[in-house]
Amino acid sequence: MNRIISRAFVSALALAAALPTVGWAEPAQDLVDAATKEGMLTVIALPHDWCNYGEVISSFKAKYPGITVNELNPDAGTADELEAIRANKGNTGSQAPDVVDLGLAFAPTAAKEGLLQPYKVATWDEIPDNIKDADGYWYGDYYGVMAFGVNKDLLQTAPADWSELSKPEYSGAVALTGDPRSSAQAILALMSAGISRGAKPGAESGAKGLELFAELNKAGNFVPVLGKAGTIAQGQTPIVAAWDYNLLAWRDSLNGNPPMEVVVPTSGVVAGVYVQAISAYAPHPNAAKLWMEYLYSDEGQTGWLKGYCHPARFAAMLKAGKFPQELLDKLPPAEAYEKAIFPAVEELDANKTAIVEGWDKVVGANIK
């Protein structure tokens, strides 16, 4: 049964499933009033097909109709989000993000740089300790594992592992979803590739991941195009390495035209945790706090699960029977997740540094 996935999550992240479920209550009326008075929330880098964010945003707007949600650059990477905060420190206009959704490796550095402000949601105790900052500067929101999305019209046989991507039949086929110098998703794809080559998570996985993609680029198998559902369907990028939840959502949206297969590789299965945070310079700090309360509510967490993302409160909510069974039944087979590796923050940071600093000289492809 798919609930085995939750056990992998519990084990790997040391989730405190034994904690009493604190549940969730409506946020204080004074917070709602203050957020409504501000009248706007500015988000960034939230594609509507990523973790079901389209429905999550719509539900927030329906719940709080007095707040306009201003959506900046949905295709931005984590580094772009942080740069948007830096570039708008003194700007209270529409280009300054209130909240960010970051790859875990970027969060501690962003907090040290003073880009984030602390806030603890009502359900704080149900977020695992090892995926949140003790002072509330950032906190895990959801996770997925790195996988391949394959256009089955163009490729009858999907690659089962990273090592197969170099085969001649995958010439001009392999793509990433972002630039490995700035995108957390692309950086973790290279980490997964590196671990599949026997590397330890960290600088070693970064080096080995770069090595594999240099080989793919030299062989003509790597395509320097930002992979997404449309490029898979059009045949520009028949194979895209991305988070399983993105690929599953793309598969559903394509609805068999073309048929798309989602494959979790047999080795190097990296689980990636993303985190939420509020900008230290948020023009609408109360709206930002209300947004966080919504995301970590039962409704918000269930909204992410609808998009195939395992939310931070998964273990506690599962234990309390708060998820609809039909959503649990839609999750991929548990066996694919049993080898999932959850790298530590230090390993993620070392891997990121190796890839960001090494991409140009080792691979040299400019992704557009």
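Residues -25 to -1, 1 to 343 (mature numbering (1 follows the signal peptide of the UniProt record, and there is no 0)) are what the sequence shown spells out, left to right. We put the beta carbon where it would ideally sit given N, CA and C, even for glycine. Note that this is a predicted model, so its numbers are computed, not measured.
Taking the beta strand (DSSP E) that residue i belongs to, which residues open and close that run?
i      : result
Ile214 : Ile214 to Trp218
Thr132 : Counting along the chain, Thr132 falls outside any beta strand (DSSP E), and DSSP gives it neither H nor E.
Gly278 : Unbroken run through Gly278 is the alpha helix (DSSP H), Asp273 to Lys281; no beta strand (DSSP E).
Asn45  : Thr43 to Leu47
Ala252 : Ala246 to Ser254
Ile102 : Premise fails: Ile102 is in no beta strand (DSSP E) and is neither H nor E.
Leu151 : Val149 to Leu151
The alpha helix (DSSP H) that contains residue i, what's its start and end?
i      : result
Ala76  : Before going further, note that residue 76 is Asp rather than Ala in the sequence given. Not the alpha helix (DSSP H): Asp76 falls in the beta strand (DSSP E), residues Val74 to Gly78.
Ile342 : Where Ile342 is concerned, there is no enclosing alpha helix (DSSP H), given that its DSSP letter is neither H nor E.
Glu301 : Gln300 to Asp304
Val198 : Element bounds for Val198: n/a, residue is neither H nor E.
Ala54  : Thr53 to Ala62
Trp266 : Pro260 to Leu270
Cβ atoms of residue j and residue i: under 8 Å apart, would you say?
i      : j      : result
Gly119 : Ile102 : no
Ala135 : Thr212 : no
Trp225 : Asp24  : yes
Thr149 : Asn221 : Residue identity check: residue 149 is Val in the sequence provided, not Thr. No. Outside cutoff.
Ala82  : Ala311 : no
Ile316 : Pro176 : yes
Glu46  : Leu6   : no
Val18  : Pro72  : yes
Leu187 : Ala204 : no
Lys95  : Met235 : no
Tyr112 : Ala86  : yes
Leu191 : Ile342 : no
Val125 : Ile60  : no
Would you mind working out which of the options sits nearest residue i, comparing C-alpha positions?
i           : options                          : result
Leu165      : Ile330, Asp335 and Val337        : Ile330
Tyr249      : Glu301, Gly205, Arg61 and Leu163 : Leu163
Val244      : Tyr117, Lys343 and Gly173        : Gly173
residue 411 : Val7, Gly282, Leu129 and Glu58   : A query on residue 411 cannot be resolved here, the shown segment of the chain reaching from -25 to 343 and no further.
Val237      : Leu303, Thr67, Pro307 and Leu185 : Pro307
Leu302      : Gln70, Gly111, Tyr256 and Trp279 : Trp279
Met15       : Gly29, Gly41 and Leu293          : Gly41
Asp8        : Ala263, Ala159 and Asn230        : Ala263
Asn105      : Lys38, Ala325 and Ala319         : Ala319
Trp266      : Tyr39, Lys314 and Thr53          : Tyr39
Lys314      : Gly68, Asp76, Trp113 and Ala122  : Ala122
Lys193      : Ile207, Trp99 and Pro143         : Pro143
Glu322      : Ala10, Leu140 and Gly247         : Gly247
Gly153      : Leu91, Ala85, Gly78 and Leu90    : Gly78
Glu268      : Glu30, Gln131, Leu140 and Ala97  : Ala97
Tyr117      : Glu332, Gly275 and Gln4          : Gly275
Which term fits residue i, buried or exposed, when burial requires 16 or more other beta carbons within 10 angstroms of its beta carbon?
i        : result
Arg288   : buried
Trp334   : buried
Arg(-23) : Note on Arg(-23): pLDDT 29, under 50, position unreliable in the model; the coordinate value appears next. Its Cβ having fewer than 16 others within 10 Å, Arg(-23) is exposed.
Leu(-11) : Here the model assigns Leu(-11) a pLDDT of 40, short of 50, so the residue's position is not dependable, and the following value carries that caveat. Leu(-11) should be labelled buried.
Asp110   : exposed
Lys183   : buried
Val338   : buried
Asn27    : buried
Asn326   : buried
Asp76    : buried
What does DSSP give as the partner residues of residue i in its beta bridges?
i           : result
Pro286      : Tyr117
Ile316      : Val245
Ile19       : Leu47
Leu91       : Ser254
Met235      : Asn126
residue 362 : Residue 362 cannot be examined here, being either before or after the span of the chain that is shown, -25 to 343.
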